[in-house]
Amino acid sequence: MLSAFFLTVFLSLVSLQPARAGTVIARIDLSEQKMVVYVNGRRLQSWPVSTARRGYRTPTGTFRPGRMHRRYFSKKYHNSPMPWSVFFYGGYAIHGTDAVRSLGRPASHGCIRLHPANARHLYSLIQQHGKKNARIVITR
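Under mature numbering (1 follows the signal peptide of the UniProt record, and there is no 0), the residues of the sequence shown are numbered -21 to -1, 1 to 119, in order.
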């Protein structure tokens, strides 16, 4: 694996073209309560999520990742843990949750909750490819 990295770097230097960063797209379907992650147009993962429950909303649209935190605690909701947070619209974020039994149905105050291992994976992909090369697309 490490040698593949050095080969990629070597070939990009030899061709005098910079290595291209991949594109990461996280598509969240609110009606399905599902996230599908694509890298360079190829479907990589599909995970259940929890989004806004009745009385709250999860914004729809296309967003760029903003600030990212490995460990974060909600200032608004009783210091609740939000591991592997990727903020995308004000205080709205994609993050891990310990309420994994609720995944697959609306349960949050508006954030997009994932299993912590999946949140970590998404966080790593965005970090690896760069926030400027990532999009979060949320549809009804």
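All residues carry an ideal CB built from backbone N, CA and C; glycine is no exception.
Range covered by the alpha helix (DSSP H) that runs through residue i
i: residue 98; result: 95 to 108
Between the CA atoms of residue j and residue i - distance to the nearest angstrom
i: residue 52; j: residue 76; result: 11 Å
i: residue 26; j: residue 34; result: 24 Å
i: residue -16; j: residue 103; result: Annotation note: pLDDT 48 at residue -16 (below 50); position unreliable, coordinate value reported separately. So the alpha carbons of these two residues sit roughly 20 Å apart.
i: residue 99; j: residue 70; result: 19 Å
i: residue 13; j: residue 5; result: 10 Å
i: residue -3; j: residue 19; result: A caution first: residue -3 carries a pLDDT of 42, below 50, which makes its placement in the model unreliable, though a value can still be read off. Rounded to whole angstroms, residue -3 to residue 19 spans 14 Å at the Cα level.
Continuous beta strand (DSSP E) stretch holding residue i: start and end
i: residue 23; result: 21 to 27
i: residue 61; result: It is not in any beta strand (DSSP E) - residue 61 carries neither H nor E in the DSSP assignment.
i: residue 74; result: 71 to 75
i: residue 6; result: 3 to 8
i: residue 52; result: Segment: none, residue 52 is in no beta strand (DSSP E) and carries neither H nor E.
i: residue 113; result: 113 to 118
Contact under 7 Å by Cβ, residue i with residue j
i: residue 123; j: residue 30; result: Here the chain covers residues -21 to 119 and nothing more, so residue 123 does not appear.
i: residue -1; j: residue 108; result: yes
i: residue 84; j: residue 9; result: no
i: residue 3; j: residue 105; result: yes
i: residue 38; j: residue 17; result: no
i: residue 65; j: residue 44; result: yes
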